[in-house]
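Report on the following structure.
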Amino acid sequence: MGNVGEAPDAAVGLDDGLLAVRASEGDEDAFAVLVRRHSSRMLALAQHLLGSRTDAEDAVQDAFLSAWRRLPEFQHTASFGTWMYRIVTNRCLSDLRRRTRPLPLDAIPEPAATSSESSPPHVAEIDAATAALTAALQRLSPELRVCWVLRELHGLHYEEIAHVTGSSEQTVRGRLFRARRALTEAMRPWR
Numbered sequence: 053m054g055n056v057g058e059a060p061d062a063a064v065g066l067d068d069g070l071l072a073v074r075a076s077e078g079d080e081d082a083f084a085v086l087v088r089r090h091s092s093r094m095l096a097l098a099q100h101l102l103g104s105r106t107d108a109e110d111a112v113q114d115a116f117l118s119a120w121r122r123l124p125e126f127q128h129t130a131s132f133g134t135w136m137y138r139i140v141t142n143r144c145l146s147d148l149r150r151r152t153r154p155l156p157l158d159a160i161p162e163p164a165a166t167s168s169e170s171s172p173p174h175v176a177e178i179d180a181a182t183a184a185l186t187a188a189l190q191r192l193s194p195e196l197r198v199c200w201v202l203r204e205l206h207g208l209h210y211e212e213i214a215h216v217t218g219s220s221e222q223t224v225r226g227r228l229f230r231a232r233r234a235l236t237e238a239m240r241p242w243r
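The opening residue of the sequence shown carries number 53 in the numbering used here; numbering runs sequentially from there.
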């Protein structure tokens, strides 16, 4: 629980590092702030990797429960957000290795159509291109897909991706190169 006499909302203005310290000492309110602060990004990551909102919600819930239990082990060598990316990514990779089901079409967000682009042929072309990209992403190994999603959809830097995936920056660069090459080749008909 939070400190006696302190409103739960008082933790909202604190930085992640201090909140993580307080949460590791049992402050549930501090952890609740961290969950609210990071849950939307973690859910987006999990949905990009798993392709299903339901599976993503389960993975993120499990990841936050795991983080709560493991907070005393948190070393603060990376930010709390990077640490959570790693936990969510590992959970998603475990799920991906266990299943063979294809990625659904809603795994890749569709670009917003403007009024001039909402003609049926244009919408059909966007749907077909999205389906092609989804299929191409599905054909990537989980390790390549994770690196690509973290870089291209979540904007993480190579160093952060290396920390999240537990690999070197050089390995991340190689995986991104291979993922981009494979996706470029798969999407060549759509250029």
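Yeah, the Cβ is synthetic: ideal placement off N, Cα and C, and Gly gets one too.
Note that the structure is predicted; figures quoted are calculated from it, not measured.
query: Does the stretch 175-182 come within contact of the stretch 95-103, defined as at least 3 CB pairs closer than 8 Å?; result: no
query: Could you spell out where the alpha helix (DSSP H) holding Q127 opens and where it closes?; result: Element bounds for Q127: n/a, residue is neither H nor E.
query: In three-state terms, what does DSSP make of P66?; result: One point to set straight first is that residue 66 is Leu, not Pro, in the sequence displayed. It is coil, neither helix nor strand.
query: Could you pull the start and end residues of the alpha helix (DSSP H) that G133 belongs to?; result: 132-150
query: Quick one: using the 10 Å Cβ neighbour count with 16 as the cut-off for buried, is E212 buried or exposed?; result: buried
query: Is it true that the stretch 190-205 meets the stretch 115-124, where meeting means three or more beta-carbon pairs spaced less than 8 Å apart?; result: no
query: Count Cβ pairs between the stretch 124-140 and the stretch 229-241 that sit closer than 8 Å; are there 3 or more?; result: no
query: Which residues bound the alpha helix (DSSP H) around A77?; result: Before going on, a small fix: residue 77 reads as Glu here, not Ala. Note, E77: premise wrong, no alpha helix (DSSP H); not H, not E.
query: In angstroms with no decimal places, state the Cα-to-Cα distance between P183 and F229.; result: The sequence given here has Ala at residue 183, not Pro. Taking the straight line from one Cα to the other gives about 22 Å.
query: Assuming R143 contacts A111 under a Cβ cut-off of 8 Å, what Cβ separation, rounded to an integer in Å, is found between them?; result: 5 Å
query: Where does the unbroken alpha helix (DSSP H) through V198 begin, and where does it stop?; result: 194-200
query: Going by the CB atoms, is the gap between A82 and H128 shorter than 9 Å?; result: no
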